[in-house]
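Take a look at the structure set out below.
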Amino acid sequence: MKLVFQSDLSLFLPEFFVCIGLLLILLYGSFSLHLGTTFYTNLNFTVARLSILILIQSFFLILNNQTIPFYTIVWDSNFVLDSAAKWSKLIISSGLISCVCCSFSFLFISRIRLFEIFVFFLNICLSFFLLISSYSLTTLYLSIELISMTFYILACLKRDSGLSSEAGLKYFILGSLASVFFLFGSLYIYISIGSIGYQPAILLVSTGLIPSIYIYLGFLLISCALLFKIGAAPYHNWVVDVYDGAPTLMSFLFSVVPKFGFFVALSRIVFTLGPSMFSCLWESLFLCCGLFGLLIGCLGGLGELKLKRVFAYSSIGHVGFICLSYSTGILNSLYSSFIYLFVYTITSIFIWTYILQLDPATRKKLSLSNSLGLLQSNQIFSFTIIFTLLSLAGIPPFAGFFAKLNVFSCLMESSFYFIGLLTVLLSIVSSFYYLRFVKIIFFEKSFFWVHFVQIDKNKAGLLSLSFLCINLYIFTADLMFLLSSKTSLGFLA
Numbered sequence: 001m002k003l004v005f006q007s008d009l010s011l012f013l014p015e016f017f018v019c020i021g022l023l024l025i026l027l028y029g030s031f032s033l034h035l036g037t038t039f040y041t042n043l044n045f046t047v048a049r050l051s052i053l054i055l056i057q058s059f060f061l062i063l064n065n066q067t068i069p070f071y072t073i074v075w076d077s078n079f080v081l082d083s084a085a086k087w088s089k090l091i092i093s094s095g096l097i098s099c100v101c102c103s104f105s106f107l108f109i110s111r112i113r114l115f116e117i118f119v120f121f122l123n124i125c126l127s128f129f130l131l132i133s134s135y136s137l138t139t140l141y142l143s144i145e146l147i148s149m150t151f152y153i154l155a156c157l158k159r160d161s162g163l164s165s166e167a168g169l170k171y172f173i174l175g176s177l178a179s180v181f182f183l184f185g186s187l188y189i190y191i192s193i194g195s196i197g198y199q200p201a202i203l204l205v206s207t208g209l210i211p212s213i214y215i216y217l218g219f220l221l222i223s224c225a226l227l228f229k230i231g232a233a234p235y236h237n238w239v240v241d242v243y244d245g246a247p248t249l250m251s252f253l254f255s256v257v258p259k260f261g262f263f264v265a266l267s268r269i270v271f272t273l274g275p276s277m278f279s280c281l282w283e284s285l286f287l288c289c290g291l292f293g294l295l296i297g298c299l300g301g302l303g304e305l306k307l308k309r310v311f312a313y314s315s316i317g318h319v320g321f322i323c324l325s326y327s328t329g330i331l332n333s334l335y336s337s338f339i340y341l342f343v344y345t346i347t348s349i350f351i352w353t354y355i356l357q358l359d360p361a362t363r364k365k366l367s368l369s370n371s372l373g374l375l376q377s378n379q380i381f382s383f384t385i386i387f388t389l390l391s392l393a394g395i396p397p398f399a400g401f402f403a404k405l406n407v408f409s410c411l412m413e414s415s416f417y418f419i420g421l422l423t424v425l426l427s428i429v430s431s432f433y434y435l436r437f438v439k440i441i442f443f444e445k446s447f448f449w450v451h452f453v454q455i456d457k458n459k460a461g462l463l464s465l466s467f468l469c470i471n472l473y474i475f476t477a478d479l480m481f482l483l484s485s486k487t488s489l490g491f492l493a
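Reminder that position 139 of the sequence shown reads as 139 in UniProt numbering, one-by-one numbering, no gaps.
Structure representation (structure tokens):
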């Protein structure tokens, strides 16, 4: 470990680049509004292209930043730079690039002409970069609030939609409750150890001399706040309504980007801050959240016909799997969790790109029946969707099966035999609504003439790339293993 007490700007070059790009785009859009309706119509496309360039440049700045040592604590112990932060930022920027690529046609068809959406996307990128590198409760809280305020606005972007307004209001109220949990937890930790930095807490907790019972309560409240942001049960009440009510592009964003970033922040607390308290605190918390999440995700999606609500329940179930992996507390659990996160993120990009393709402005309610006739219209696309759904269901030999197998092996290694059996049973039951989707595409006939909108180039490229990454796991999983190893080992430095 290397402790650096300095404000070296080169260590945060990607963050500064995104911040400057965000301000320049905001100025460009603001001063371009008076140039007429025609220019204003095309302003979204110009700003979207600039946003993609900024995100791609930040991706390569993170990848090629050679000034960062293996493990460095900077800026008065408020931030940490390590391999976990580096590779997590690459995943976050990739997820945001995919969101911006899918936004062109959706915003045009939906007649949303707000260039500020891309300013919000860059703000989310900057906030998650800071969140991932946070090494004190102060910077962690400020990063979470910056992300949350942006999400509240994006959830209620459709001001003329009652569902969108309801989604934004529910997200705001429940998110405020999670912020209260976080603040109370920080208060209890400060009362116990006299600091809100990670490093003093690590030094004190590692000695085994816990000064007060309040430190347990503080860590518990902070963990609950982060689990709410992830959408883990029993803090899942906002997930289904927000996914269903928000514009589909924003549901795409909520599904792909936040889970990875908040899980990294949670991992930094659990595996670097309080491993000595694992048996008495983290194990029970993650076991309860994991089992409850699997149960909610399994039973909640069985009776749903709305497409976005089905995949909202699916996300709750998948978060439950990751929580179960965390509950074992062994070295392999962190590795298995990040393999699962990588597979789930790539699969979500494919699924939500397909949902965006089905969502022109004329359809207010997307249901499973909207996929009727897809096999007759585009056979190759139909088979790629089916393979991806089978991967989500955890059916071999697809990537989702191996991700769930790693979680199951962690449970067996920790002697959680009954939990492992229950996990397998719930996973089998939850595969019903994926197989029902397959049945609709393959076997049900449409009695009407079905026309599917042609896939644009951006979505076609994104679908092809994500499908290739999912199925590459079948033939060689070395790249996925390498990414997971580099990310997980950063927490154990």
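Quick reminder that beta carbons are idealized off the backbone N, C-alpha and C, glycines included.
From a predicted model like this one, the values you see are computed outputs, not experimental measurements.
Legend entry - residue 570 versus L281 - alpha carbon distance: This structure leaves residue 570 out entirely; the chain is present only between 1 and 493.
Inset, instruction - Check each candidate in C102, L55, V18 and N64 and name the one with the smallest Cα separation from A460. - result: If we check each option's Cα against that of A460, C102 comes out closest.
Inset, instruction - Determine the contact status of S58 and S93, defining contact as a CB-CB distance below 8 Å. - result: Yes, the Cβ-Cβ distance between S58 and S93 is below 8 Å.
Inset, instruction - Return yes when the Cβ of S134 is within less than 8 Å of the Cβ of S143, no when it is not. - result: Yes; because the gap between Cβ atoms is below 8 Å, this pair is in contact.
Inset, instruction - Have a look at residue 500 and Q376 and give me their C-alpha separation to the nearest angstrom. - result: The requested residue 500 is not part of the displayed model; the chain covers only 1 to 493.
Legend entry - N-terminal and C-terminal residue of the alpha helix (DSSP H) that L374 is part of: Under the DSSP assignment, L374 falls in the alpha helix (DSSP H) whose first and last residues are L374 to S377.
Inset, instruction - Can you have a look at S10 and say buried or exposed, based on whether 16 or more other CB atoms are within 10 angstroms of its CB? - result: Counting Cβ neighbours within 10 Å, S10 comes out exposed, since fewer than 16 surround it.
Inset, instruction - Kindly indicate which three-state DSSP category P396 falls into: helix, strand or coil? - result: Assigned with DSSP and collapsed to three states, P396 falls in coil, not helix or strand.
Legend entry - Cα-Cα separation, L356 to L107: Taking the straight line from one Cα to the other gives about 11 Å.
Inset, instruction - Could you check what DSSP says for T38 in three-state terms: helix, strand or coil? - result: Low confidence applies to T38: its pLDDT is 49, below 50, so where it sits in the model is not reliable enough to give any reading.
Legend entry - Contiguous alpha helix (DSSP H) assignments of at least 4 residues, all confined to the stretch 200-252: Runs of the alpha helix (DSSP H) lying entirely within the stretch 200-252 and spanning at least 4 residues, in chain order: 214-230 and 237-245.
Inset, instruction - Thinking I91 and F260 are a contact (beta carbons under 8 Å), I'd like their distance in whole angstroms, please. - result: Going by Cβ atoms, the distance from I91 to F260 rounds to 5 Å, so yes, they are a contact pair.
Inset, instruction - Please classify M480: is it buried, with 16 or more other beta-carbons within 10 angstroms of its beta-carbon, or exposed? - result: Per the 10 Å Cβ criterion, buried.
Inset, instruction - Express the C-alpha separation of G303 and A155 in angstroms, rounding to a whole number. - result: Using only the alpha carbons, I get a separation of about 25 Å.
Inset, instruction - Round the Cβ separation of Y188 and I215 to the nearest angstrom and send it over; I've been treating them as touching at under 8 Å. - result: Contact flag correct, Cβ pair sits at about 7 Å.
Inset, instruction - Pick helix, strand or coil for residue 494, following the three-state DSSP scheme. - result: The question about residue 494 has no answer here: the residues shown for the chain are numbered 1 through 493.
Legend entry - Nearest-angstrom Cα separation, counted from S337 out to A84: It is roughly 13 Å from the alpha-carbon of A84 to the alpha-carbon of S337.
Inset, instruction - Can you give me the start and stop residues for the alpha helix (DSSP H) that I73 sits inside? - result: Counting along the chain, no alpha helix (DSSP H) covers I73; the unbroken beta strand (DSSP E) around it starts and ends at Y71 to V74.
Inset, instruction - Indicate the three-state DSSP secondary structure (helix, strand or coil) for D478 in the structure shown. - result: Under the three-state reduction of DSSP, D478 is assigned to helix.
Inset, instruction - Quickly, what does DSSP pair L81 with across the bridge? List them, please. - result: Looking at the DSSP assignment, L81 forms a beta bridge with T72.
Inset, instruction - For E15, count neighbouring C-beta atoms within 10 Å of its own C-beta (all shown protein chains included) and say buried if the count is 16 or more, exposed if not. - result: Its Cβ being crowded by 16 or more others within 10 Å, E15 is buried.
Inset, instruction - Please confirm if L23 has its CB atom under 8 Å from at least one CB of chain D. - result: The displayed structure is made up of one protein chain only, and chain D is not part of it.
Legend entry - S134 in three-state terms, based on DSSP: Residue state, collapsed to three classes: strand.
Inset, instruction - May I ask which residues mark the beginning and end of the alpha helix (DSSP H) holding S25? - result: The question names Ser, yet the displayed sequence has Ile at residue 25. Looking at the DSSP string, the run of the alpha helix (DSSP H) that includes I25 is L13 to F31.
Inset, instruction - Would you please state the rounded distance, in angstroms, between the beta carbons of L55 and F17? I believe it to be under 8 Å. - result: About 10 Å; that fails the 8 Å criterion.
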